[in-house]
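Residue numbers (the working numbering), protein chains in the order written: chain A, 205 to 508; chain B, 2 to 245. Backbone N, C-alpha and C define an ideal beta-carbon position, used for all residues, glycine too. Keep in mind the model is a prediction, meaning the values are calculated, not measured. Below is one structure, written out as structure tokens; the observations come after it.
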């Protein structure tokens, strides 16, 4: 590993009975990076994070975090990692301030020592510092959990699905907060099922069924889309999809928002497509070439 | 296609001094895919509970599938389907047992349940899974099955509360194709989601903020009105404005 790598995972494998949760995972993150793991439930994101945070043991492979082996060096490592689990795991019957104080004390520090680091985030919930954590709204709980994960000034911050079930506004705010942490040079591993959040990361790993499909900068992942992609719209979306699937030159047709994203076998179509759609009774058809997004690439990688 | 299956007029729901729903008025038509969006805490869940007969309005008139939400909530429950992300099917029952159970709850005759079970399993290409426990199925299959069970009794409306959370992109699309197919059959689909791109799959979308419906139109019209490139932009503008 190079000196600047914060996390190095090398041929990591983990099974639970017959379930292969992680299969031959390898990647590395450098200092100060926001590294995103994008994949559905059950793809292995949480298992991976639990191994990196020393809460689970790998079956095979080497995981090095901050220069320490995550198995042998777990005691030391835990002092330098901030972890926000997917399930809200603060003390519901302690107040906001008591929770934060508790976490600071466990790590041998105080709120004052590292206040600067959390100021941006904590100031939103400080007016409610005497409220029990269980009585906070979803967005406020998320901010408190992030404050608690940061209070000991970790070098590595691991966030397991911090934005799941959170509305679009709170999600946007959360990403703004993460980006502000850049100036402290904290490396951030974050997982999400929302494909659109990939573009917020410096680097992204697409994960599915315990395997990494692709690891790269988000722009490079989308550039990896191997075909010409077309966006087709019509007034009757459902009939459009069904008709497109019957068209002989079609390769894939997936609904995407208000259009259908289509690839053709030879990357091109001719007038026969419009004629074909007309005979199917589909009107108001527009066809435009479009740029692939992360989700297009994910779909392509899922169906080799 | 113009029959109103949901008609809400000045719906108000208060909890003590807190106004969760503040004079909501809207209509949803037969066979429509209606997206019900809003920030966390905007009052969506409260409204859905009233529309599905689980809670009574404080004031206002709410008609669902031809029944009054204040006076005939039990009739409403019989004429709707409901599916949410967290609770869908009984994990320790088999696929067929779950279908039997729900069919029974909806008061369907055994013969009809058997017929629908068969066609449902064929349609989902699920024939070999009939005797498997739900717990042993992957999430994507569970979600698709849960949706099919929610419309087993051919309700007038099906409510979907964040149905696609956490599933992979292919399953998510298969799920939406099932929604399209269901709507094309004349069943109204009333759906909430945090995936803003999914809002664009809907025929019409409403966006709630602080107990009120701030916008309601087709995705195309909303984007035009707010001069936005996506529903996400529209949503963020409305919900941020409310926070100030």
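Problem - Beta-carbon proximity list for residue 172 of chain B, same chain, < 6 Å, skipping 5 on both sides - result: 141
Handout entry: Separation of residue 48 of chain B from residue 159 of chain B, as counted between CA atoms
Key = 15 Å
Exercise for the section: Quick one: residues in its chain with C-beta nearer than 7 Å to the C-beta of residue 280 of chain A, no 5 flanking neighbours on either side, listed in chain order? Expected result: 272
Practice task
Could you say if the segment 7-22 of chain B and the segment 426-443 of chain A meet the contact criterion of at least three C-beta pairs nearer than 8 Å?
Solution key: no
Exercise for the section: Step through the CB atoms of chain A and report whether any lies within less than 7 Å of the CB of residue 167 of chain B. Expected result: yes
Practice task
Name the residue from A/503, A/294, A/243 and A/458 whose alpha carbon lies nearest to the alpha carbon of residue 339 of chain A.
Solution key: A/294
Exercise for the section: Identify the contact partners of residue 197 of chain B in chain A, using a Cβ-Cβ distance below 7 Å as the criterion. Expected result: 372
Practice task
Use the C-beta contact count for residue 463 of chain A: other C-beta atoms within 10 angstroms, 16 or more gives buried, fewer gives exposed.
Solution key: buried
Problem - Closest by C-alpha distance to residue 286 of chain A, when choosing among A/419, A/374, A/352 and A/452 - result: A/352
Problem - Beta-carbon proximity check, residue 337 of chain A vs residue 381 of chain A, cutoff 7 Å - result: no
Exercise for the section: Tell me whether residue 199 of chain B sits in a helix, a strand or coil according to DSSP, three-state version. Expected result: helix
Practice task
Starting from residue 327 of chain A, find everything on chain B with Cβ-Cβ shorter than 7 Å and list it in chain order.
Solution key: Within 7 Å Cβ-Cβ: nothing; residue 327 of chain A doesn't reach chain B, min ~15 Å.
Exercise for the section: Specify whether the segment 196-214 of chain B and the segment 32-40 of chain B touch according to this definition: at least 3 beta carbon pairs, one from each stretch, less than 8 Å apart. Expected result: yes
Problem - Per-residue burial, residue 80 of chain B [other beta carbons within 10 Å of its own, 16 or more giving buried] - result: buried
Practice task
Measure how close the beta-carbons of residue 498 of chain A and residue 422 of chain A come, nearest whole angstrom, since I'm counting them as under 8 Å.
Solution key: 6 Å
Practice task
Give the DSSP bridge partners of residue 404 of chain A, in chain order.
Solution key: Bridge partners of residue 404 of chain A: none, in fact.
Problem - Distance between residue 402 of chain A and residue 250 of chain A (C-alpha atoms, nearest Å) - result: 17 Å
Practice task
Using the DSSP secondary-structure output, state which residues sit across from residue 22 of chain B in a beta bridge.
Solution key: B/14
Problem - Other residues of its chain near residue 156 of chain B: CB distance less than 6 Å, five sequence neighbours each side excluded - result: 80, 81 and 82
Problem - Nearest neighbour of residue 289 of chain A, chosen from A/350, A/306 and A/341 [CA to CA] - result: A/350
Practice task
Would you please verify whether the beta carbon of residue 171 of chain B is less than 7 Å from any beta carbon of chain A?
Solution key: yes
Exercise for the section: Closer than 7 Å by beta-carbon distance: list the chain A residues that pair up with residue 42 of chain B, in chain order. Expected result: 341
Practice task
Taking 8 Å as the threshold, find out whether the segment 146-155 of chain B comes into contact with the segment 100-112 of chain B through three or more Cβ pairs.
Solution key: yes
Problem - Contacts of residue 255 of chain A in chain B (Cβ-Cβ under 8 Å) - result: Simply none; closest approach about 21 Å.
Practice task
For residue 237 of chain B, go through chain A and note every residue whose CB falls closer than 8 Å to its CB, in chain order.
Solution key: 372, 373 and 376
Problem - Reference residue 574 of chain A; option with closest CA among A/310, A/335, A/347 and A/311 - result: Any answer about residue 574 of chain A is impossible in this case: the structure gives chain A only from 205 up to 508.
Exercise for the section: Flag this pair as touching only if the segment 111-121 of chain B and the segment 64-72 of chain B have three or more C-beta atom pairs under 8 Å; answer yes or no. Expected result: no
Exercise for the section: Would you mind telling me which residues of chain A sit closer than 8 Å to residue 182 of chain B, beta carbon to beta carbon, in chain order? Expected result: 442
Handout entry: CB contact check: residue 492 of chain A to chain B, cutoff 7 Å
Key = no
Problem - For residue 226 of chain A and residue 446 of chain A, the rounded distance between their alpha carbons - result: 36 Å
Handout entry: Separation of residue 489 of chain A from residue 221 of chain A, as counted between CA atoms
Key = 51 Å
Practice task
Pull up the distance between the alpha-carbon of residue 30 of chain B and that of residue 45 of chain B, whole angstroms please.
Solution key: 19 Å
Handout entry: 7 Å Cβ cutoff met for residue 179 of chain B and residue 43 of chain B
Key = no
Handout entry: Selected residue, minimal CA-CA separation from residue 354 of chain A, among A/461, A/478, A/305 and A/278
Key = A/305
Problem - Alpha-carbon to alpha-carbon, residue 452 of chain A and residue 469 of chain A - result: 9 Å
Exercise for the section: Could you say which of B/170, B/23, B/237 and B/27 lies nearest to residue 191 of chain B if we only look at CA atoms? Expected result: B/27
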